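A.B. asks: According to the numbering used here, the sequence shown holds residues 644 to 755 in order.
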Amino acid sequence: MWTLLLGWQLGRLIALYSLIVLIVAGFSYFMLTFVKNLEPFFSETSIQFDADTLQITVNDESKKWNMGELRNVVTKEGYWLVYVTKIKYTYIPHDIFYSEDDITKFKTYINA
């Protein structure tokens, strides 16, 4: 269509620039959504626990559960997945704790 209106050379140039704009816009959208999905891994997280409760604060948003409400704990190398329901879980990395003593205390509380 561009070749009929503006000629062969100019039509090809417009098509090429349009393709470049579409690629750049698509790449920008991909990067925006990809970085947004990485947000939980780079957020500030703190944990407070005792024999009765587990409280996790992520970016000033706090969630609190009783230890008896926890359904399952999956132990992996470097982190725990604490399941609150069958499909809802909380990611707790090992490096959030200050000492090995805190990790052993947490393990006894969650029965991992």
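Each residue gets a CB set at the ideal place from its N, CA and C atoms; glycine is no exception. In this text the structure is predicted, and so the values were computed from the model without any measurement.
1. Report yes if the CB atom of residue 710 is closer than 8 angstroms to the CB atom of residue 696, and no otherwise.
2. Report yes if the C-beta distance between residue 713 and residue 726 is below 8 angstroms; otherwise report no.
3. For residue 700, which residues from the same chain have a beta carbon less than 6 angstroms from its beta carbon, with the 5 sequence-adjacent residues on both sides left out?
4. Just to check my reading of the structure: residue 692 and residue 741 have Cβ atoms closer than 8 angstroms, yes? What is that Cβ distance to the nearest angstrom?
5. Ignore the nearest five residues each way along the sequence and tell me which others in residue 736's own chain have a CB closer than 6 angstroms to its CB.
6. Using only alpha-carbon positions, find the residue among 715, 666 and 703 that is nearest to residue 750.
7. Between the alpha carbons of residue 719 and residue 732, how many angstroms are there, rounded?
8. Compute the Euclidean distance between the alpha carbons of residue 743 and residue 663, then round it to the nearest angstrom.
9. Bridge partners for residue 724 per DSSP, in chain order?
C.D. replies: On the basis of the data shown:
1. Start at 1 with the first residue of the sequence shown, and residue 710 comes out as number 67. Start at 1 with the first residue of the sequence shown, and residue 696 comes out as number 53. In contact: residue 710 and residue 696 (Cβ atoms closer than 8 angstroms).
2. On the sequence shown, position 70 is the one that residue 713 refers to. On the sequence shown, position 83 is the one that residue 726 refers to. Cβ distance < 8 angstroms, so residue 713 and residue 726 count as in contact.
3. Taking the first residue of the sequence shown as 1, we reach residue 700 at position 57. Cβ within range, chain order: 689.
4. For this step, residue 692 is matched to residue 49 along the sequence shown. For this step, residue 741 is matched to residue 98 along the sequence shown. In fact, because the Cβ distance is near 13 angstroms, the residues do not count as touching under 8 angstroms.
5. Within the sequence shown, the letter at position 93 stands for residue 736. Counting only Cβ-Cβ distances below 6 angstroms, and skipping sequence neighbours, we find 722.
6. For the purposes of this step, residue 750 is taken as the residue at position 107 of the sequence shown. Relative to the Cα of residue 750, the nearest Cα in the group 715, 666 and 703 belongs to 715.
7. What you label residue 719 is simply residue 76 of the sequence shown in a count that begins at 1. What you label residue 732 is simply residue 89 of the sequence shown in a count that begins at 1. Near 14 angstroms, if we compare the C-alpha coordinates of residue 732 and residue 719.
8. Position 100 of the sequence shown, counting from 1, holds the residue named residue 743. Position 20 of the sequence shown, counting from 1, holds the residue named residue 663. Whole-angstrom Cα-Cα distance: 53 angstroms.
9. On the sequence shown, residue 724 is found 81 positions in, with the first residue counted as 1. Answer is 717 and 734.
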